[in-house]
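Asks: For the sequence shown, the numbering used here gives the first residue as 2, with consecutive numbering after it.
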Amino acid sequence: MQAIIEADFKPVDMGLGSDASQALCPKHDQEKCDECGVDYQALNRLAKLLVHNPTLKCPPPPNVVSQKLSQAINTTKEEGNTLYKQGKHRDALTRYTMAANFALQRPPWEANQFMREELSTVISNRSAALFELGDFVGALVDAEAVISLKRPWSKGHFRKAKALIAMNKEQEAMDALSLGLQYEPTNIVSCINPGRLRMTLT
């Protein structure tokens, strides 16, 4: 095994930041340097996490999940849901953004699906809040983010369609709903055609 590792080993020139905990391109002092073909962003993020957690000798197995972080995400999201139901959409937007920021703090050694699942739900809710605030472009951007995170989930496609309808882009809305139906053919929400969708918005 060691021989296989050494056979693939390629030395790379690397500089260090002022605190000796940040890897940089030695020629340009950049974390990511296209000219030199190096990207130390993931490595530096891991190093930063280890520096700030001195009791952590090595990353735990990927099935170990930070329960405190999960609780913070869920609590903040539920606060946003409560505010949304009360019609306090701007306050709900703030909570959803906070929950999204928490979700993005998951360390790189945790299984990726946890972050994607939490983030897609929170961003979907934020898209709804932005829509209620009349920010249809923002709602569309968040809906697109949800689709990129969890493409088979029809709610992302529905959020996208709602934003497009509000922007008078009915054909694109129809395309979004059709794509959502491909993933969840029996989903009632995705079965709504743009005509009915427009009626619900007026």
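We treat Cβ as the ideally placed atom computed from N, Cα and C, and that holds for glycine. All figures in this text were calculated on a predicted structure; none of them were measured in a lab.
Can you give the Cα-Cα distance for Lys33 and Ala101, rounded to whole angstroms?
Replies: Cα-Cα distance, rounded: 25 Å.
Asks: Which residue or residues does DSSP assign as beta-bridge partners of Gly16?
Replies: Gly16 pairs with Leu25.
Asks: For Arg91, is the classification buried or exposed, using 16 other Cβ atoms within 10 angstroms of its Cβ as the cut-off for buried?
Replies: It counts as exposed.
Asks: What's the gap between the Cα of Thr122 and the Cα of Met168?
Replies: Answer to the nearest angstrom: the Cα atoms are 23 Å apart.
Asks: Going by beta-carbon coordinates alone, are Ile124 and Asp143 separated by less than 7 Å?
Replies: A contact, by the Cβ cut-off of 7 Å.
Asks: Pull up the DSSP beta-bridge partners for Lys33, would you.
Replies: DSSP lists Asp40 as partners of Lys33.
Asks: Looking only at its own chain, which residues have a Cβ that is under 7 Å from the Cβ of Glu173, when we skip the five neighbours before and after it?
Replies: Excluding positions up to five away in sequence, the list reads Leu165.
Asks: Between Ile74 and the rest of its own chain, which residues show a CB-CB distance below 8 Å, the 5 nearest in sequence each way excluded?
Replies: These residues qualify, in order along the chain: Ala100, Phe103, Ala104, Glu119, Val123.
Asks: Does DSSP put Thr83 in a helix, a strand or coil?
Replies: Three-state DSSP puts Thr83 in a helix.
Asks: Under 8 Å by Cβ, that's how I've got Leu25 and Gly16 pegged, so tell me the actual separation to the nearest angstrom.
Replies: Yes, Leu25 and Gly16 are in contact; Cβ-Cβ is about 4 Å, under 8 Å.
Asks: Please report the Cβ distance between Ser128 and Ala140, rounded to the nearest whole angstrom; I am assuming they are in contact, meaning their Cβ atoms lie under 8 Å.
Replies: The Cβ separation is near 5 Å, so the contact holds.
Asks: So which of Thr95, His158, Phe137 has the shortest CA-CA distance to Val147?
Replies: Ranking Thr95, His158, Phe137 by Cα distance to Val147 puts His158 first.
Asks: Quick check for students: name the residue ranges of the alpha helix (DSSP H) that lie wholly in the region 134 to 170, counting only runs of 4 or more.
Replies: Taking only runs of at least 4 residues, the alpha helix (DSSP H) segments lying wholly in the region 134 to 170 are 137 to 150, 155 to 167.
Asks: The alpha helix (DSSP H) with Arg107 in it runs from where to where?
Replies: Here Arg107 belongs to no alpha helix (DSSP H), and DSSP marks it neither H nor E.
Asks: Below 7 Å CB to CB, which residues in the same chain sit around Asp40 once its five sequence neighbours on both sides are set aside?
Replies: Correct list, in chain order: Lys33.
Asks: With DSSP collapsed to three states, give me the class of Ala112.
Replies: DSSP places Ala112 in coil when its eight states are reduced to three.
Asks: Quick check on DSSP: helix, strand or coil for Glu185?
Replies: DSSP places Glu185 in coil when its eight states are reduced to three.
Asks: Between the C-alpha atoms of Ala162 and Arg46, what's the straight-line distance to the nearest angstrom?
Replies: When rounded, the distance between both Cα atoms is 36 Å.
Asks: Helix, strand or coil: which one does DSSP assign to Lys11?
Replies: Lys11: coil per DSSP, three-state reduction.
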